[in-house]
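Trainee: Numbering-wise, the sequence shown is residues -20 to -1, 1 to 282 according to mature numbering (1 follows the signal peptide of the UniProt record, and there is no 0). Don't be surprised by glycine CBs; every beta carbon is placed ideally from N, CA and C. Bear in mind that the values here come from a model prediction, so they are computed numbers and not experimental data.
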Amino acid sequence: MAARVWLITGASSGIGLTLAEYVLSQGDKVIATVRSLAKFPESLKAAGAHPLVLDLGTSDSDILKAGEEALKVHGYIDVLVNNAGYGGLSPVEELDLGEARAQFQTNVFGALALIQALLPSFRARRTGHILNVSSVGGFVSFPSWGAYCASKSALEAFSESLSQEVAPFGIRVLIVQPGYFPTSFLQTTASISDLKRSTVYTDPSQGYGADQKMHERAVEQGHVGDVAKLAQRLYELVAGTGLAKSLVEGQGGKRDWLRVPLGPDCGTMILQKLSIVTENVKAFEHVWRSTDVTPERLKELA
């Protein structure tokens, strides 16, 4: 099988870097985006990855141009991994709306612009994988993480629509939902949040200091993800091998299975949320059923 070409955003550290390293170790090719060439990791350079400067906080036109440049490197791309993203910590009342918009730009609109740049090529070849890296926070919202969770929820909603739209072209869309994995994510969050810690929402139940306690809590619960294992699982989902063999569309899997929970904390929280939502909808059943039009009115509308 010919080597796949992966475009991985946010590859200077964390999940993006580890995934790029693993993909290269399997004989595939990687175009790795960084915000500046000075941040391009030596390990990727030594392994033959191609650097691409890309800041998802920039204009749509610049992102589209970066996508076009990426396609020129090998002539095509098989796998797009929208990994770049960040989050700040703030209660909704005190949220800097400019900062919220900046998170949406990087986490949502930047990713969408890059998808739009590559989709014509994917459609022409009638193949391709789009892996949008969300978070458990894209499905379960937490106090003081409102902007981040909302941006990831938006990315997930776009992914669900996109998956249905591109199905006839053989393009697969996956929503990657990591739980807690020790990366530089929390350091970035702290650098944004430390200057404006709330003096009103100061109880832990309101999310105060959540970024500072997350690692400690994860260790206590025994829920600390291994980024190397995450990278291997994602590769297997694309290749249809290993633990993912029966989960791939055409091998027993379903297109509707587009969410990829990673980490026992993530899977557990998603199941708990689903249980609460199911209970909620059933409890309100007499309410939502009461809002239908009468049979007589229905006949008039026919």
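Roughly how many whole angstroms lie between the Cα atoms of residue 42 and residue 199?
Mentor: Working through the sequence shown from its first residue, we reach residue 42 at position 62. Working through the sequence shown from its first residue, we reach residue 199 at position 219. The alpha-carbon atoms of residue 42 and residue 199 are separated by roughly 41 Å.
Trainee: Which term fits residue 151, buried or exposed, when burial requires 16 or more other beta carbons within 10 angstroms of its beta carbon?
Mentor: Sequence index remark: in the sequence shown, residue 151 carries index 171 (1-based). It counts as buried.
Trainee: Check for me: the beta strand (DSSP E) holding residue 110 runs from which residue to which?
Mentor: Taking the sequence shown and counting its residues from 1, one reaches residue 110 at position 130. Counting along the chain, the beta strand (DSSP E) containing residue 110 begins and ends at 108 to 113.
Trainee: Between the region 224 to 242 and the region 182 to 194, do three or more beta carbon pairs fall short of 8 Å?
Mentor: no
Trainee: Which word fits residue 232, buried or exposed, when buried means at least 16 other C-beta atoms lie within 10 angstroms of its C-beta?
Mentor: In the sequence shown, residue 232 corresponds to position 252, counting from 1. By the 10 Å Cβ count, residue 232 comes out exposed.
Trainee: Do residue 114 and residue 132 have their CB atoms nearer than 9 Å?
Mentor: As a position in the sequence shown, residue 114 is number 134, starting the count at 1. As a position in the sequence shown, residue 132 is number 152, starting the count at 1. Taking 9 Å as the Cβ cut-off, residue 114 and residue 132 qualify as a contacting pair.
Trainee: Strictly by DSSP, which residues pair up with residue 152?
Mentor: Position 172 of the sequence shown, counting from 1, holds the residue named residue 152. Answer by DSSP bridge pairing, in chain order: 109.
Trainee: Residues in the same chain with beta-carbon distance under 6 Å from residue 64, minus the five sequence neighbours each way, listed in chain order, please.
Mentor: As a position in the sequence shown, residue 64 is number 84, starting the count at 1. For residue 64, where only same-chain residues beyond five positions count, the Cβ hits under 6 Å are -12, -11 and 36.
Trainee: Enumerated in chain order, which unbroken segments of the beta strand (DSSP E) with a length of 3 residues or greater are wholly contained in the region 212 to 246?
Mentor: 239 to 242
Trainee: Whose C-beta lies closer than 6 Å to the C-beta of residue 246 among residues of the same chain, with five residues either side of it excluded?
Mentor: As a working mapping, residue 246 is identified with position 266 in the sequence shown. Once the five neighbours on either side are set aside, the close Cβ partners of residue 246 are 116, 157 and 159.
Trainee: If you follow the alpha helix (DSSP H) that residue 9 is in, where does it begin and where does it stop?
Mentor: As a first step, residue 9 must be located in the sequence shown, where it is residue number 29. Per DSSP, residue 9 belongs to no alpha helix (DSSP H); it is in the beta strand (DSSP E), 9 to 14.
Trainee: Would residue -19 and residue 68 be called neighbours here (beta carbons separated by less than 9 Å)?
Mentor: Here residue -19 is taken as the residue at index 2 of the sequence shown, counted from 1. Here residue 68 is taken as the residue at index 88 of the sequence shown, counted from 1. Residue 68 is positioned such that its CB atom lies no closer than 9 Å to that of residue -19.
Trainee: Assuming residue 223 contacts residue 216 (C-beta within less than 8 Å), just tell me the rounded distance between them.
Mentor: Here residue 223 refers to the residue found at position 243 when the sequence shown is read from its first residue. Here residue 216 refers to the residue found at position 236 when the sequence shown is read from its first residue. Confirmed, Cβ separation roughly 6 Å.
Trainee: Measure the C-alpha to C-alpha separation of residue 121 and residue 134 and round it to an integer number of angstroms.
Mentor: Taking the sequence shown and counting its residues from 1, one reaches residue 121 at position 141. Taking the sequence shown and counting its residues from 1, one reaches residue 134 at position 154. About 12 Å.
Trainee: Taking contact to mean 3 or more Cβ pairs, one atom from each stretch, closer than 8 Å, check whether the region 90 to 105 and the region 46 to 65 are in contact.
Mentor: yes
Trainee: Considering Cα atoms alone, identify which of -6, 62, 55 and 70 is closest to residue 88.
Mentor: Within the sequence shown, numbered from 1, the residue matching residue 88 stands at position 108. The shortest C-alpha separation from residue 88 is found at 62.
Trainee: Tell me whether the beta-carbon of residue 112 lies closer than 9 Å to the beta-carbon of residue 139.
Mentor: Reading the sequence shown from its first residue, position 132 is the one you call residue 112. Reading the sequence shown from its first residue, position 159 is the one you call residue 139. Yes, these two residues count as a Cβ contact at 9 Å.
Trainee: Using three-state DSSP, classify residue 60 as helix, strand or coil.
Mentor: For the purposes of this step, residue 60 is taken as the residue at position 80 of the sequence shown. Strand, per DSSP.
Trainee: For residue -2, tell me which candidate among 262, 206 and 33 has the shortest Cα-Cα distance.
Mentor: The residue you call residue -2 lines up with position 19 of the sequence shown. That would be 206, whose Cα lies nearest to the Cα of residue -2.
Trainee: How should residue -9 be labelled, buried or exposed, when 16 other C-beta atoms within 10 angstroms of its C-beta is the threshold for buried?
Mentor: One-based indexing of the sequence shown puts residue -9 at position 12. It counts as buried.
Trainee: Would you mind reading off the limits of the alpha helix (DSSP H) that contains residue 72?
Mentor: Taking the first residue of the sequence shown as position 1, residue 72 is located at position 92. That residue, residue 72, is in no alpha helix (DSSP H); it is neither H nor E in DSSP.
Trainee: Less than 9 Å between the beta carbons of residue 234 and residue 76, yes or no?
Mentor: Numbered from 1 along the sequence shown, position 254 holds the residue referred to as residue 234. Numbered from 1 along the sequence shown, position 96 holds the residue referred to as residue 76. Contact flag unset, no.
Trainee: For the beta strand (DSSP E) that contains residue -16, what are its first and last residues?
Mentor: As a working mapping, residue -16 is identified with position 5 in the sequence shown. Run containing residue -16: -16 to -13, per the beta strand (DSSP E) assignment.
Trainee: Can you tell me whether residue 32 is helix, strand or coil according to DSSP?
Mentor: Here residue 32 corresponds to residue number 52 of the sequence shown, with the count starting at 1. In the structure shown, residue 32 adopts extended strand secondary structure according to DSSP, grouped into three states.
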